[in-house]
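Single-structure report; data block below.
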Amino acid sequence: MLHTIPAFDRIGEENAFAVLARATKLAEQGRDIINLGIGQPDFSTPAHIVEAAVKALRDGHHGYTPANGLIATREAVVRRTLATTGVEVSPESVMIMPGGKPTMFAAILMFGEPGADILYPDPGFPIYRSMIEFTGATPVPVPMREENGFAFSAEETLALITPRTRLLVLNSPANPTGGVTPRAEIEKLVAGLAAFPDVALLSDEIYDVMTYDGERHSSLLGFAEIRDRLIVLNGWSKTWAMTGWRMGWSIWPERLYDKVRKLAVNCWSCVNAPSQYAGIAAIDGPQDEVETMLRAFDRRRKVIVEGLNGLPGISCVTPKGAFYAYPNVRDTGLPAKKMAAALLDEAGVATIGGPDFGVLGEGYLRLSYANSEENILRAIERMEAFLTR
Ligand SMILES: Cc1ncc(COP(=O)(O)O)c(C=O)c1O
Numbered sequence: 000m001l002h003t004i005p006a007f008d009r010i011g012e013e014n015a016f017a018v019l020a021r022a023t024k025l026a027e028q029g030r031d032i033i034n035l036g037i038g039q040p041d042f043s044t045p046a047h048i049v050e051a052a053v054k055a056l057r058d059g060h061h062g063y064t065p066a067n068g069l070i071a072t073r074e075a076v077v078r079r080t081l082a083t084t085g086v087e088v089s090p091e092s093v094m095i096m097p098g099g100k101p102t103m104f105a106a107i108l109m110f111g112e113p114g115a116d117i118l119y120p121d122p123g124f125p126i127y128r129s130m131i132e133f134t135g136a137t138p139v140p141v142p143m144r145e146e147n148g149f150a151f152s153a154e155e156t157l158a159l160i161t162p163r164t165r166l167l168v169l170n171s172p173a174n175p176t177g178g179v180t181p182r183a184e185i186e187k188l189v190a191g192l193a194a195f196p197d198v199a200l201l202s203d204e205i206y207d208v209m210t211y212d213g214e215r216h217s218s219l220l221g222f223a224e225i226r227d228r229l230i231v232l233n234g235w236s237k238t239w240a241m242t243g244w245r246m247g248w249s250i251w252p253e254r255l256y257d258k259v260r261k262l263a264v265n266c267w268s269c270v271n272a273p274s275q276y277a278g279i280a281a282i283d284g285p286q287d288e289v290e291t292m293l294r295a296f297d298r299r300r301k302v303i304v305e306g307l308n309g310l311p312g313i314s315c316v317t318p319k320g321a322f323y324a325y326p327n328v329r330d331t332g333l334p335a336k337k338m339a340a341a342l343l344d345e346a347g348v349a350t351i352g353g354p355d356f357g358v359l360g361e362g363y364l365r366l367s368y369a370n371s372e373e374n375i376l377r378a379i380e381r382m383e384a385f386l387t388r
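Sequential numbering of the sequence shown, starting at 0, is according to numbering that gives the first Met the number 0.
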C-alpha cells in the first residue's frame, strides 16, 4: 500500500489539454477537426527569437543559470515592464519562471493552507482553483458576470474578503471570457484593499498586450500602495507565441522574493538557458510580428462574435481582450459540456464547456479564436448545421 497525501487526490486539471488530446486522436483517425479548444497562438515564434536560442546553444550556454534567471533576462523584463506599465521595477524583484503557471503554483502554495480562504475569478483559469484545493485552502469564487463584461466588480470582490482571506487572484485580460477590468474598477478595488493590508494579491497579466477597441490594460503594478503585497504574473507564452518554450516571469515584493527563489532552487533549479536568451531577443527585438498577430486576433474576434451571434440560441458579448470568445449558449437548451462534447464528436469543432472554468461556467462555451478566419467561418457553419439539426 502506498500512502500518497490527500492533496494529490484534490489536484485538478485543465480540460483544454484533454480536449486537445481527443481532437488530436480524432484527427489522426482521419476526421477533419477545427480546434478552437486550446489557448495558444497559431503563429510560430518569430524567427529572430528562435535564432537567439540556437545561437545561445552554439555559444555554449548549456549549463545552469541562477535560479531566479540570468541577470540579462531579468533586466530585459525590467525594460519591458517600464515600457508597458511606466513602472521601473528592480531586477532583484524579477523571477524568470518555466512558464506562467509556476508563478501561480508558487504564489498559491505560499498562502494556501487549511483554514485559509483564497479568492479567485469564476469563471477563470482552472489552475487557480485546482492549486487552491491542492493546498487545502478554501477556494472562494469571485463571480465574473456577463452583464458586467466579465470584469471584476470591486464592490463584489471586497465584500468576499474575511479575516480568513490570505490571497486574492486577479486576471485581466481574462481567460476564458476575454473580459478586461476597467481602470476605474481597479482603482476602486485598490482603494478598498487599504482596509485589508494582510491580503496578498496575485495579478495574472499574461494577456496584457491583447486588448481591443481602444481598451488598455491597467497593471496592478501602477499602484505603489499595494506593491509590498503584490505578485504579478506574466510571460512569453502568449505575446510572442512561445507556449512550448516554457518561459514566464513574475515580479515579487521584496519580502517574498527569497521564498520563491528558494522554491525554484528546490524544484526546477532554473529555466533552460537557451530559452532565457530567446526571451531577451523577444523583448528587445522587433515587435512587428507581435503587432501582426494582434491585428489578426482583432479581425478574427469580430468574425467569431458576429458568427456566434447569428447562431440560434447563442449570444456573445464582444470580448475586449485575450483571444477567447465566451458565448452564452443557455437558450440552446443543451448543457454546456454536453454541447462541447457533441460539437467535437458530431461537428468536428473543438471548444471547451464553461463548467471547466468554474462553478459559474454553466451555460457558456469557450472558443479560442487563435485560429484562421477561414477555420473560424467553417466552425461557425458546422455549429449552425449542428444546432439546426
Ligand atoms: C490566464 C492564464 N494565466 C496563465 C497561463 C499559463 O501560461 P503558461 O502556458 O505560460 O504556463 C495561461 C495559459 O493558458 C492563462 O490563460
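Don't be surprised by glycine CBs; every beta carbon is placed ideally from N, CA and C.
Compute the distance between the beta-carbons of residue i and residue j, then report whether it is under 8 Å.
i	j	result
L307	A324	yes
I250	T80	yes
A281	W239	yes
P125	E204	no
A55	P273	yes
P120	N170	yes
I33	A263	no
M209	G85	no
A66	G278	no
D31	S371	no
P326	Y363	yes
R260	G98	no
A106	L201	yes
E112	T134	yes
R254	I375	no
Y276	A52	yes
R182	S152	no
L159	L192	no
L229	L219	yes
V270	I95	yes
T242	Q39	yes
What span of residues does the beta strand (DSSP E) with residue i cover, start to end?
i	result
D203	199 to 203
N233	229 to 234
I389	Beyond the ends of the chain as shown, which are 0 and 388, falls residue 389; an answer cannot be given.
S367	364 to 367
S249	247 to 250
I95	93 to 96
Return the first residue and the last residue of the alpha helix (DSSP H) that residue i is part of.
i	result
T72	70 to 84
S129	125 to 134
G191	182 to 192
V304	287 to 308
M109	100 to 110
P273	272 to 283
T387	372 to 387
K24	14 to 27
I174	The sequence shown places Asn at residue 174, rather than the Ile named in the question. Note, N174: premise wrong, no alpha helix (DSSP H); not H, not E.
L255	253 to 266
F7	6 to 9
K338	Here residue 338 is Met; the residue named in the question, Lys, does not match the sequence. Element bounds for M338: 335 to 341.
L56	46 to 57
Determine the closest residue to residue i out of the options, with distance taken between C-alpha atoms.
i	options	result
D355	I107, P196, I37, L25	I37
L176	E373, R365, E383	Before going on, a small fix: residue 176 reads as Thr here, not Leu. Looking at the Cα atoms, R365 is the closest of the given residues.
I131	A378, T164, T156	T164
F322	Y206, D287, I379	Y206
M143	T156, T134, F133, I351	T156
D287	P45, A22, M0	P45
D212	L293, R329, F133	L293
R128	A384, V358, L386, A194	V358
E373	F149, V302, L229	V302
V189	V179, N233, L167, A173	L167
L35	A378, W235, F385	A378
E383	F151, M338, A199	M338
G11	F104, D257, H47, W235	F104
G114	E87, P162, V270, E146	P162
I48	V289, A340, G360	V289
G312	R57, C269, R388	R388
A346	S314, G332, V328, R381	R381
C266	L108, R9, L1, V179	L108
Strictly by DSSP, which residues pair up with residue i?
i	result
I117	P138, L166
E323	Sequence check: residue 323 is Tyr here, not Glu. Beta-bridge pairing links Y323 to S367.
I225	None, per the DSSP bridge assignment.
A153	BP columns for A153 are empty, so no partner.
A349	N34
T210	G320
**Prompt:** In chain order, what residues place their C-beta within less than 6 Å of a heavy atom belonging to ligand 1?
**Reply:** G38, G98, G99, K100, F124, N170, N174, D203, I205, G234, S236, T242, G247
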